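Q: Okay, here's the structure, questions in a sec.
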Amino acid sequence: EVQLLESGGGLVQPGGSLRLSCAASGFTFSSYAMSWVRQAPEKGLEWVSAISGSGHSTYYADSVKGRFTISRDNSKNTLYLQMNSLRAEDTAVYYCAKDIVVVPDAGSKFDYWGQGTLVTVSS
Amino acid sequence: DIQMTQSPSSLSASVGDRVTITCRASQSIGSYLNWYQQKPGKAPKLLIYAASSLQSGVPSRFSGSGSGTDFTLTISSLQPEDFATYYCQQSYSTRYTFGQGTKLEIK
Numbered sequence: 001e002v003q004l005l006e007s008g009g010g011l012v013q014p015g016g017s018l019r020l021s022c023a024a025s026g027f028t029f030s031s032y033a034m035s036w037v038r039q040a041p042e043k044g045l046e047w048v049s050a051i052s053g054s055g056h057s058t059y060y061a062d063s064v065k066g067r068f069t070i071s072r073d074n075s076k077n078t079l080y081l082q083m084n085s086l087r088a089e090d091t092a093v094y095y096c097a098k099d100i101v102v103v104p105d106a107g108s109k110f111d112y113w114g115q116g117t118l119v120t121v122s123s
Numbered sequence: 124d125i126q127m128t129q130s131p132s133s134l135s136a137s138v139g140d141r142v143t144i145t146c147r148a149s150q151s152i153g154s155y156l157n158w159y160q161q162k163p164g165k166a167p168k169l170l171i172y173a174a175s176s177l178q179s180g181v182p183s184r185f186s187g188s189g190s191g192t193d194f195t196l197t198i199s200s201l202q203p204e205d206f207a208t209y210y211c212q213q214s215y216s217t218r219y220t221f222g223q224g225t226k227l228e229i230k
């Protein structure tokens, strides 16, 4: 059974940093690209970042480029999102999502999602 | 980035109704369009991929169609568990984008 378990969320001041983790199980982690998708309170879904199965290729939304870094440790079956220079508008539930392809491309789809972790940026 | 626009933003319907939700892309995306369902407090669930392919385990009352810039999600006969928010998502560009969502409510 595929499981994705996010952790690391919490309350952080504007300008601060936070690292999210997503522990994966039930599938061959290195064989699939992974993404982070967020949802601000009472808002829609926003794709944040993606990473290839090897970790060599990364992709970012303009809203987080230069501030967030996605990475993965395939030996630990874990996905990460390092978030720096956090802003109030980064407040959201952050989901990790498994793709069906090894490198993000036009055939991508998110077939499994974690339960999400809440990040609140406030003073 | 490719903009995805859904209509309507909200919809009231009754059990048994046939419902259609529309998604329009700001440029042609071929058939690289996915649909997700999200219930309150839960993670999204993949329903339809590649515009018209039904994800494994999803009831056949859900169907998708379209290509290019215009797409539709149809629920043939609404069931109580279908009241949720629906999102389209393009995967033509790896800078993935979602529609703003359509909230389906009970009339």
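Keeping their order, the protein sequence lines are chains A and B.
So for the first sequence, the numbering used here puts the first residue at 1; every next one is plus one.
So for the second sequence, the numbering used here puts the first residue at 124; every next one is plus one.
Note that beta-carbon positions come from the ideal geometry of N, C-alpha and C, so glycine has one too.
Source: prediction; values computed, not measured.
1) Measuring alpha carbon to alpha carbon, tell me which of 22(A), 47(A) and 53(A) ends up nearest residue 33(A).
2) First and last residue of the beta strand (DSSP E) that includes residue 187(B)?
3) Give a yes or no on whether 8 Å exceeds the smallest Cβ distance from residue 45(A) to chain B.
4) Can you give the Cα-Cα distance for residue 135(B) and residue 226(B), rounded to whole angstroms?
5) Measuring straight from C-alpha to C-alpha, what distance separates residue 1(A) and residue 101(A)?
6) Would you call the region 101-121 of chain A and the region 38-54 of chain A in contact, with 3 or more CB pairs under 8 Å?
7) In whole angstroms, what separates the C-alpha of residue 97(A) from that of residue 56(A)?
8) Quick test of the definition: if touching needs 3 or more C-beta pairs under 8 Å, does the region 150-168 of chain B touch the region 203-210 of chain B?
9) Identify the contact partners of residue 220(B) in chain A, using a Cβ-Cβ distance below 9 Å as the criterion.
10) Mind checking which residues open and close the beta strand (DSSP E) that includes residue 111(A)?
11) Residues in the same chain with beta-carbon distance under 6 Å from residue 222(B), minus the five sequence neighbours each way, listed in chain order, please.
12) Spell out a yes or no on whether the region 8-16 of chain A and the region 181-194 of chain B are touching, meaning 3 or more CB-CB pairs, one atom from each, closer than 8 Å.
A: Quick answer:
1) By 1-based counting over the first sequence, the position of residue 33(A) is 33. Cα-wise, what sits closest to residue 33(A) is 53(A).
2) Indexing the second sequence from 1 puts residue 187(B) at position 64. Residues 185-190.
3) Reading the first sequence from its first residue, position 45 is the one you call residue 45(A). At least one beta carbon of chain B lies nearer than 8 Å to the beta carbon of residue 45(A).
4) On the second sequence, residue 135(B) is found 12 positions in, with the first residue counted as 1. On the second sequence, residue 226(B) is found 103 positions in, with the first residue counted as 1. Residue 135(B) and residue 226(B) have their C-alpha atoms some 8 Å from each other.
5) Position 1 of the first sequence holds residue 1(A). Position 101 of the first sequence holds residue 101(A). If I take the Cα positions, the gap works out to 18 Å.
6) At 8 Å Cβ cutoff, the stretches touch.
7) Taking the first sequence and counting its residues from 1, the one referred to as residue 97(A) is at position 97. Taking the first sequence and counting its residues from 1, the one referred to as residue 56(A) is at position 56. The straight-line gap from Cα to Cα measures roughly 18 Å.
8) Cβ pair count under 8 Å is three or more, so yes.
9) Reading the second sequence from its first residue, position 97 is the one you call residue 220(B). Identification of chain A residues near residue 220(B) by a Cβ-Cβ cut-off of 9 Å yields 46, 47 and 61, ordered along the chain.
10) For the purposes of this step, residue 111(A) is taken as residue 111 along the first sequence, with counting starting at 1. Its beta strand (DSSP E) spans residues 110-113.
11) On the second sequence, residue 222(B) is found 99 positions in, with the first residue counted as 1. 127, 129, 146, 210 and 211.
12) No: the two stretches stay apart, fewer than three of their Cβ pairs being nearer than 8 Å.
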